[in-house]
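Trainee: Numbering (my numbering), first residue to last: 7 to 193. Positions of the beta carbon are idealized from the N, C-alpha and C atoms, including for glycine. Everything numeric in this text was worked out from a predicted model, so none of it was measured.
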Amino acid sequence: MAEVLVSLTILSMVGAGVASMLTAVSQGTTAQTATQRVTVKRRVLTSRVDAALRSSCRVLAIGRDVVVLWTGDSRANGLPDLSELRRIEWRAGSGEMWMYAARPDLDEKRDRTFTFDQNFETLTRIWRRSKYFPGQRWGRDIVAWEPSVDSGALGDVRLVRYDITVRNDDGSEAIATRAVALRGRVP
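Written out as structure tokens, the structure is:
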């Protein structure tokens, strides 16, 4: 009888050890999944922003939470047109990143030509409310986005830097610091 009692005690201790190891593995896997999720979210977002910046030829406006880009002179008039603009903005209130661009089917009659001395931050903020310059949400749970350029004339800028902070479901945050060269052909 004593041997049975000793064997049951040993068996219960082994069972408790196995249960605690399974719990530890489960919690470790959950933490790893959360880390992977925020990493993927950050990489997708930075890939989108990097591609938009890289393919542009000129920064037309930059602010604390917005960048307005000229994608190129597709109408060959030497000036930025609505169909050639792209606006990337971060909305602090909702924690969302949005990109605005003219619809691909925008006809020439509705396309507007702008001069370089205009305020493109204000222009694109107004146009984003229209059906001709719709937005696409690029990401959520963004804690901060800070674009910047070296001092000097915006027309001469060839490098845009930005820091972006993304929050995961568990409250953890991941920060990415990027520097992207504009590679679009300057007219």
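What number of angstroms, rounded off, separates the C-alpha of ARG109 from the C-alpha of ALA180?
Mentor: Approximately 33 Å, taken between the alpha carbons.
Trainee: Given 8 Å as the limit, is there contact between the region 65-72 and the region 126-141, that is, 3 or more CB pairs closer than that?
Mentor: Yes, since at least three Cβ pairs between the region 65-72 and the region 126-141 fall closer than 8 Å, the two stretches touch.
Trainee: To the nearest angstrom, how far is it from the Cα of ARG54 to the Cα of LEU165?
Mentor: Going from the Cα of ARG54 to the Cα of LEU165 covers about 16 Å.
Trainee: Work out the CA separation of SER157 and ARG48 for me, nearest whole Å.
Mentor: Going from the Cα of ARG48 to the Cα of SER157 covers about 27 Å.
Trainee: Rank SER89, VAL72, TRP151, VAL44 by C-alpha distance to the C-alpha of LYS115 and give the top, closest one.
Mentor: Ranking the options by Cα distance to LYS115, first place goes to SER89.
Trainee: Tell me, please, which residues DSSP counts as bridged to VAL73.
Mentor: ILE68, ILE94, per the DSSP bridge assignment.
Trainee: So LEU91 and TRP104 are in contact, right, with Cβ under 8 Å, and what is the actual spacing, rounded?
Mentor: So it is not a contact: roughly 14 Å between Cβ atoms.
Trainee: Starting from ARG143, trace the beta strand (DSSP E) both ways and give me its first and last residue.
Mentor: 141-145 is the span of the beta strand (DSSP E), which, as asked, contains ARG143.
Trainee: State the DSSP-derived secondary structure class of ARG173, mapped to helix, strand or coil.
Mentor: Reduced to three states, the DSSP call for ARG173 is strand.
Trainee: Note down, in chain order, each residue of its chain lying with its Cβ closer than 8 Å to the Cβ of LEU160, except the 5 sequence neighbours on either side.
Mentor: Excluding sequence neighbours, LEU160 sits near ARG64, VAL65, LEU66, ALA67, ILE68.
Trainee: With DSSP as the reference, label LEU188 as helix, strand or coil.
Mentor: It is coil, neither helix nor strand.
Trainee: So GLY78 packs on ARG189, CB below 8 Å; how close in whole Å?
Mentor: About 11 Å separates the two Cβ atoms, so there is no contact after all.
Trainee: What residues in its chain sit with their C-beta under 6 Å from that of PHE195, if we drop five residues either side in the sequence?
Mentor: No information on residue 195 is available, as it lies outside the stretch 7 to 193 that the chain covers here.
Trainee: For THR171, I'd like the list of residues in its chain whose CB is within less than 6 Å of its CB, leaving aside the five on either flank, ordered along the chain.
Mentor: VAL149, ALA150, GLU179, ILE181.
Trainee: With a Cβ-Cβ cutoff of 9 Å, do ARG146 and SER100 count as a contact?
Mentor: Their beta carbons are under 9 Å apart, which means ARG146 touches SER100 by this criterion.
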